[in-house]
Each structure stands twice: as structure tokens, then as C-alpha cells.
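*Asks:*
Chains as they are written, first to last, in the working numbering: chain A, 2 to 136; chain B, 2 to 136; chain C, 2 to 136.
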């Protein structure tokens, strides 16, 4: 059929245990490289302690409030059974979600005025990937 | 390739700070207008303090329980840094998610018996949009 | 256009009120049966008290920690209004999400090394379905 392009892999390096990284421009570059003019893009996180989200791109305090509040809701409890001690990161990942499906028109990601695409690191620092597939 | 239709924009007006609105019929109308017979539809919320979900369409008490419990889990704390005072709404939005990908067959949205599509307003009242793209 | 395959329905039986079931192989089998070589697959849960997720496929303690912590965050409160007494299950479902969009290349689901696809039962035991549509 020929209309699908190979998946692209974006490299993301995180510097802290928990971090919110704006990857909007990296995803847009992958969309442009994939030559998708009109359709959808799946943005996918192949990790079990990191997730993807779309939210406020203006005030960095929103990111700090998010990480602080998630850590109060889902603390690193000593009663968790998982021996790696990062069950909090797995649970935050499940609630945030592994994938986004976004709309493309005229070769551009369609995002709201205040929206950016975020990589949510919950168990770094690590070398991570984000996979991008247009269709 | 010609098989993609332009994105449609649905207008949604909310009346309260927090509100759950059933938009199932509006999304179905957009799918029908887009003449999609068989495929998928991306339903996307371009806002940072409102989200989308699929859930119970029968008992309105489910909506009330959802909003009440989310507000207990994620209250409007005075310790949040974000100066607009709506960090709770951003966090609820991130956990609920900005987009849904739904299946279409024979021109109809494929939903479970008890499912409806909901717009979740967390910082209204506002004039909002929901974007719909079939493929 | 002829490139879309009919939706497939996977049967899932749950044995407990809350349960995390690995359905990765069932989804891969549906992808293979749908003869999708390259594209995306929408995996959809048509229920209002069960959801889908992607996470750790190695240590079963992660599943136990997830269910335990979600029940602490969202308990079966007597103050919920919904008369069926399962508002906790509806709220857990909304936060986990009803659908996943995954990438397919060379006929295989593209998942991270430690990732599996999970069916999250929050109000079983029940006979459930998961819908799979490739494109």
C-alpha cells in the first residue's frame, strides 16, 4: 500500500529521577521527516517507568506542581512488594499512559495554543526513546 | 492519497468549574459528516485544563462521584506554585488524557453498551473545542 | 478503499473483583490474523469498569502493587452516590483509559523490552471483550 512510513526513534536523555521534558519540537521534526502531510501520528513510550502527556507549555510551575503532587498521591512506599523499589514509577506511568495519538494537518502537529508534548520521567536519570509513527 | 478528511471542530460550552458533558452524539455526527465508513477516529481536546474520557452513560451519579473523588485526590492546594491557581485542573487533565482513538465500522462509532464519550471540564466555565479526525 | 480489516473481538474471562491479565499474545494473534504488516492497531475496552494498559511484564509484584495502591487512592467509599457500589471501579477505569494505539512493523507489535499489554479488571469476575482494529 505504500502509505506507511517506518517508525522513527527519538533519543531522550533525562538528568533526574523525576523530570518533565518538552519534546514538541522533536516530534514535529519526526513528522516533517516522515513527510506526513495530513493524517495522524502515534507517539509511543517503550518504557515502563516513563510516560507521555500533553499539557501547559507556558508556566514551568505546572511541571513542578505535577511531579510534587503525583509523589504525594503515589509515594515510594516501603510496603510495595516489587523489589526494585520503583513501583511508584510504574503506577505513575500507568496512570499517565504510554501513547498519544495526535492530528496532523498541512504537515503540522495540531496542538492547542497552550499545549506542548511532554516526556514524563519517573525513574531516571536514564537514556530513553520515544517512537513516532505517522499514518 | 485522498483518504483523509479535514479535521472537524466541535464547540462545547461549559457552565461550571467542573462538569462532565456527554458528547457522544456530537462525535458521531462529525464521523458521519466526515463520511468515514470503516476505520478509526481520533477525538482530541486542545485544552490544558479539560480532558476526554469514555465511561458509564446511564447513571448520572457516576459523573458526580468522579468529580467529587478527583477533587479529594487532587485538591486546589494553596501550596501549588502555579500562580493561576488551577494546577489541580492541569493535573486532573494529564491523568485523564487529551485524546481518544475509537473504532468506526459501518459508519458508526463502536462503543460498549454502557459507554458514552465525555468532555471533562476542570476549569470552567469556558467556551471549548473538541477536534475530530477520521482516517 | 479496502485497506481496513474488520474489528476483531478477543474474549477475556476474569476470576476476581480486581485482576491484571496479560493479553499481549492475544493482541499479537489478532494483529497477525488481520494481516497487518505495517501500521497501527487500536486496542479498545468496551466496558466501563475495566481498562487497558501497557506496563512491566517481568515481576508480578508490580501488578499487585498497582491494584493495592489504586485501592488506597480510590477506595470503595460508602459516600459514593452511585447505587451499584462500584464507583471506585468506574474512576479507576477513567484514569487508566479505554484505548491504546500501538505501532506495528513487519507484522509485529512494537513494544519495549519490558512491556506487556494488560487488561485491568476492576469489577469482576466477568466475561469481558477487547476489540482490536488494525489500519
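We put the beta carbon where it would ideally sit given N, CA and C, even for glycine.
(1) Counting C-beta neighbours from all protein chains within 10 Å, is the total for residue 86 of chain A 16 or more, i.e. buried, or is it exposed?
(2) How is residue 75 of chain B classed by DSSP in three states: helix, strand or coil?
(3) Use the C-beta contact count for residue 59 of chain B: other C-beta atoms within 10 angstroms, 16 or more gives buried, fewer gives exposed.
(4) Using a C-beta cutoff of 8 Å, does residue 131 of chain B count as contacting chain C?
(5) Where residue 72 of chain C and residue 7 of chain B are concerned, what is the direct C-alpha to C-alpha distance, given to the nearest angstrom?
(6) Rounded to a whole number of angstroms, what is the C-alpha to C-alpha distance between residue 53 of chain B and residue 61 of chain C?
(7) Please report the straight-line C-alpha distance between residue 55 of chain C and residue 116 of chain C, rounded to a whole angstrom.
(8) Please confirm whether residue 105 of chain C and residue 39 of chain C have their CB atoms less than 8 Å apart.
(9) Could you check whether the Cβ of residue 40 of chain B sits closer than 8 Å to any Cβ belonging to chain C?
(10) Chain B beta carbons: is any one of them nearer than 8 Å to that of residue 32 of chain A?
(11) Using DSSP with H/G/I as helix, E/B as strand and the rest coil, what is residue 94 of chain B?
(12) If you measure from the beta carbon of residue 138 of chain C to each beta carbon in chain B, is any gap under 8 Å?
(13) Compare the beta carbon distance of residue 98 of chain B and residue 113 of chain C with 8 Å and say whether it is the shorter of the two.
(14) Quick check on DSSP: helix, strand or coil for residue 2 of chain A?
(15) Going by DSSP in three states, residue 22 of chain B sits in which element: helix, strand or coil?
(16) Using only the alpha-carbon positions, how far apart do residue 124 of chain C and residue 92 of chain C sit?
(17) Here's a check: name, in chain order, each residue in its chain whose Cβ is nearer than 7 Å to the Cβ of residue 47 of chain C, leaving out the five neighbours to either side.
(18) CA-CA distance, residue 19 of chain C and residue 43 of chain A?
(19) Counting only the same chain and skipping the five closest in sequence on each side, list residues whose C-beta sits under 8 Å from that of residue 16 of chain C.
(20) Does any residue of chain B have a CB that is nearer than 8 Å to the CB of residue 127 of chain C?
(21) Leaving out five residues before and five after residue 2 of chain C in sequence, what residues of the same chain have Cβ atoms less than 6 Å from its Cβ?
(22) Buried or exposed: which applies to residue 23 of chain B, given that a residue is buried once 16 or more other Cβ atoms fall within 10 Å of its Cβ?
(23) Relative to the C-alpha of residue 78 of chain A, which candidate in C:69, C:50, C:94, C:10 has its C-alpha closest?
(24) If we cut at 8 Å on Cβ distances, does residue 89 of chain B have a partner in chain C?
(25) Counting only Cβ-Cβ distances shorter than 8 Å, please list the residues of the region 98-113 of chain B near chain C, keeping chain order.
(26) Considering Cα atoms alone, identify which of B:121, B:128, B:111, B:107 is closest to residue 1 of chain B.
(27) Let me know the secondary structure DSSP gives residue 110 of chain C once reduced to three states.
(28) Determine the chain C residues that contact residue 96 of chain A at a beta-carbon separation under 8 Å, and present them in chain order.
(29) Under 8 Å, Cβ to Cβ, is there at least one residue of chain B near residue 13 of chain A?
(30) Got a sec? Which residues, its chain only, sit under 7 Å from residue 1 of chain C by beta carbon, not counting five neighbours each side?
(31) Going by Cα to Cα distance, which pick from C:64, C:41, C:10 is closest to residue 110 of chain C?
(32) Taking the alpha-carbon of residue 83 of chain B as reference, which of A:75, A:65, A:81 has the nearest alpha-carbon?
(33) May I ask you to check if the CB of residue 125 of chain C is nearer than 7 Å to at least one heavy atom of the ligand ADP?
(34) By the DSSP assignment, the beta strand (DSSP E) with residue 128 of chain C in it spans what residues?
(35) Do residue 27 of chain B and residue 95 of chain C have their CB atoms nearer than 8 Å?
(36) Starting from the C-beta of residue 31 of chain B, find all residues in its chain whose C-beta is less than 7 Å away, skip the five residues before and the five after it, and write them out in chain order.
*Replies:* The short version:
(1) Classified as exposed, residue 86 of chain A has fewer than 16 neighbouring CB atoms from the shown chains inside 10 Å of its CB.
(2) Note: residue 75 of chain B maps to coil in three-state DSSP.
(3) Taking a 10 Å sphere around the C-beta of residue 59 of chain B, we find fewer than 16 other C-beta atoms and assign the residue as exposed.
(4) Judged by the 8 Å Cβ criterion, residue 131 of chain B is not in contact with chain C.
(5) When the Cα atoms are used, residue 72 of chain C and residue 7 of chain B turn out to be separated by approximately 42 Å.
(6) Rounded to whole angstroms, the separation of the alpha carbons of residue 61 of chain C and residue 53 of chain B is 31 Å.
(7) The C-alpha of residue 55 of chain C lies about 6 Å from the C-alpha of residue 116 of chain C.
(8) Against a cut-off of 8 Å, the Cβ pair of residue 39 of chain C and residue 105 of chain C comes out as a contact.
(9) At a cut-off of 8 Å, the C-beta of residue 40 of chain B has a neighbouring C-beta in chain C.
(10) No, residue 32 of chain A lies away from the interface with chain B (no Cβ there is under 8 Å from its Cβ).
(11) DSSP places residue 94 of chain B within a helical segment (H, G or I) once states are collapsed to three.
(12) Because chain C here runs from 2 to 136, residue 138 of chain C falls outside it and cannot be looked at.
(13) One thing to note: residue 98 of chain B has its Cβ no nearer than 8 Å to the Cβ of residue 113 of chain C.
(14) Summary for residue 2 of chain A: the model assigns pLDDT 37, below 50, so the residue's position carries little reliability; its value from the coordinates is reported in the next sentence. In this structure, DSSP gives residue 2 of chain A a state outside helix and strand, which the three-state scheme calls coil.
(15) DSSP, read as helix, strand or coil, puts residue 22 of chain B in strand.
(16) Taking the straight line from one Cα to the other gives about 11 Å.
(17) Excluding positions up to five away in sequence, the list reads 130, 132.
(18) C-alpha separation (whole angstroms): 30 Å.
(19) The residues are 125, 126.
(20) Interface flag for residue 127 of chain C against chain B is unset, since no Cβ pair is found closer than 8 Å.
(21) Per-residue confidence for residue 2 of chain C stands at a pLDDT of 37, beneath the threshold of 50, marking its modelled position as unreliable; no derived number is given.
(22) The residue is exposed, with fewer than 16 neighbouring Cβ atoms inside 10 Å.
(23) When only C-alpha atoms are compared, the closest one is C:69.
(24) No, residue 89 of chain B lies away from the interface with chain C (no Cβ there is under 8 Å from its Cβ).
(25) Listed in chain order, the positions of the region 98-113 of chain B with a beta carbon within less than 8 Å of a beta carbon of chain C are 98, 101, 102, 103, 104, 106, 111, 112, 113.
(26) The structure shown does not extend to residue 1 of chain B, since chain B is modelled only from 2 to 136, so the question has no answer here.
(27) Assigned with DSSP and collapsed to three states, residue 110 of chain C falls in strand.
(28) Near residue 96 of chain A (Cβ distances below 8 Å), the residues of chain C are 96, 97.
(29) False, the Cβ-Cβ gap to chain B never drops below 8 Å.
(30) Given that chain C is displayed from residue 2 to residue 136, the structure contains no residue 1 of chain C and the question cannot be resolved.
(31) Looking from the CA of residue 110 of chain C, the closest CA among C:64, C:41, C:10 belongs to C:41.
(32) Considering only alpha carbons, the answer is A:65.
(33) This structure lacks the ligand ADP; in fact it carries no ligand of any kind.
(34) Annotation: the continuous beta strand (DSSP E) that includes residue 128 of chain C extends over 128-135.
(35) Annotated as distal: residue 27 of chain B and residue 95 of chain C, with beta-carbon spacing of 8 Å or more.
(36) 9, 11, 133, listed in sequence order.
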